[in-house]
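Residue numbers (our numbering): 1058 to 1371. Even glycine gets a Cβ: it sits at the ideal position worked out from N, Cα and C. See below for the structure under consideration.
Next comes the structure, spelled out in structure tokens:
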């Protein structure tokens, strides 16, 4: 399922179709030479009105990469009062960042040389200095003789999506840090395969294995459970309730030494797959009275960060 703030696959497909429709509508016009700043078209006025009121920013540049036309969406989005001041001038304009200008000019040159559609994604600044993100498709438009006449640049504003991605990345980095510094022994494994996806340093220190010895292995390969009957009962509760809280079990370290643990586990969907997110506390020397110490604020908090955990790449 999509994270909060991320667009669904259906929404992205709708945006892509909108872009395709935009390109098709402009390409299907019978383009002829016209004054700078006007569309080359003898199509009906309703087609022109549709283009002008589209939320997609459409630009037209000549083969010297001078701006010839920009639709209303782009003019308004960039805060431009008088677009005519930019017509006949190099594109991208000077108020764009040097990095973006260089990348866009490289793409324009490639489209001009190959005659193939290109794309570019990057950050630009409006006239007020605000950062905006656009995904642009560069489309060569040919004359009746098959020569490139000009290039259309069709841009979709993806600013909100990029901001959401940046916030999500920052959140994931924070939560991954919490996972890694937790004193509890935390692990994540696949419900479908049983393979261990990730463990934190406390888990490794408490059990004696190295990271290389456990990642990608099935829990059963480690002979971690001291009693199979305990594991069977644990899985029965987990599959029934989707979570297990305070389950007492004995686990074997790499050396075979037994340790008593209290286990908290939840079934969580991560990257489209159901995972077991485990957090355990060693109560071997705490006894019954000390067992309750795990039910503190840290225990309650950890299920918040485990829910949004993202495994680090290997």
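Boundaries (first-last residue) of the alpha helix (DSSP H) holding residue 1169: 1155 to 1171
Are the beta-carbon atoms belonging to residue 1241 and residue 1301 less than 9 angstroms from one another? no
Cβ pair residue 1244, residue 1331 closer than 9 angstroms: no
Note down, one range per segment and in chain order, each alpha helix (DSSP H) of at least 4 residues found wholly within the region 1297 to 1331. none
In chain order, what residues of the same chain lie with their CB nearer than 7 angstroms to the CB of residue 1160, ignoring the 5 residues before and after it? 1177, 1179
Burial state of residue 1110 (16 or more Cβ within 10 Å): exposed
According to DSSP, is residue 1145 helix, strand or coil? coil
For a cutoff of 9 angstroms on Cβ pairs, would you count residue 1134 as touching chain C? Judged by its chain identifiers, the structure shown contains no chain C, having just a single protein chain.
Quick one: what's got a C-beta closer than 6 angstroms to residue 1373's C-beta in the same chain, skipping five residues either side? Beyond the ends of the chain as shown, which are 1058 and 1371, falls residue 1373; an answer cannot be given.
Short of 8 angstroms in beta carbon distance, which residues of its chain neighbour residue 1276, apart from the five on each side in sequence? Order them along the chain. 1246, 1251, 1253, 1282
For residue 1329 and residue 1130, the rounded distance between their alpha carbons: 36 angstroms
Can you give the Cα-Cα distance for residue 1136 and residue 1199, rounded to whole angstroms? 31 angstroms
Rounded straight-line distance, which links the Cα of residue 1167 to that of residue 1156: 17 angstroms
Below 8 angstroms CB to CB, which residues in the same chain sit around residue 1261 once its five sequence neighbours on both sides are set aside? 1267, 1268, 1271
Mapping DSSP to helix, strand and coil, what is residue 1235? helix
Counting along the chain, where does the beta strand (DSSP E) carrying residue 1129 start and finish? That residue, residue 1129, is in no beta strand (DSSP E); its alpha helix (DSSP H) goes 1129 to 1134.
Take the Cβ of residue 1116 as the centre, count every other Cβ of all protein chains shown within 10 Å, and call the residue buried at 16 or more, exposed below. buried
If you count every other CB in all the chains shown that lies within 10 Å of the CB of residue 1124, and 16 or more means buried, which is it? buried
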